[in-house]
Structure formats: C-alpha cells, structure tokens
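Student: For reference, the structure I am asking about is given below.
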C-alpha cells in the first residue's frame with residue numbers, strides 16, 4: 098500500500114474509532130460525565146487530522 102493511501106486509511110480508522118467511543122458513551126447517557134472518553138476522542142481526532150495534514154503535505 099502506498100504511503101498516502103496508508104495515511105488516509107489510518108486516519109479513517111482512527112476517526113471511526115473516535116466516533117465509536119462517543120456513540121458508545123452517548124448511548125448510555127454518560128458522555129458529559131466521562132472526561133477520559135472525551136479526552137481519548139479528542140486526541141484520536143487530533144491524530145487523524147495530523148495524518149491528513151501529512152497526507153496533504155505528501156501530495157503537494
């Protein structure tokens with residue numbers, strides 16, 4: 098797999114997992130009370146954004 102496709106795939110997986118964390122906690126009505134889950138969700142989205150930036154930089 099080419100590096101650009103690998104970065105895109107990794108970012109997509111991380112984003113999907115981050116949204117899974119949010120959905121799981123929201124289902125049980127505890128999203129607002131779970132700082133650790135929010136922190137993990139936000140960190141995963143930051144990592145995905147960095148991967149997408151690296152992908153865009155690589156494409157340029």
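Numbering (the working numbering), first residue to last: 98 to 157. Glycine included, C-beta positions come from ideal geometry on N, C-alpha and C.
For residue 154, which of helix, strand or coil comes out of DSSP?
Tutor: In the structure shown, residue 154 sits in a helix (DSSP, three-state: H, G or I).
Student: Quick check: what's the CA-CA separation for residue 101 versus residue 146?
Tutor: About 14 Å.
Student: Taking the alpha carbon of residue 140 as the reference point, which residue from 105, 104, 114 has its own alpha carbon closest?
Tutor: Nearest to residue 140 by alpha-carbon distance, out of 105, 104, 114, is 114.
Student: From residue 123 to residue 105, what does the alpha carbon distance come to, in whole angstroms?
Tutor: 27 Å
Student: Start and end of the alpha helix (DSSP H) containing residue 113?
Tutor: Note, residue 113: alpha helix (DSSP H), 100-124.
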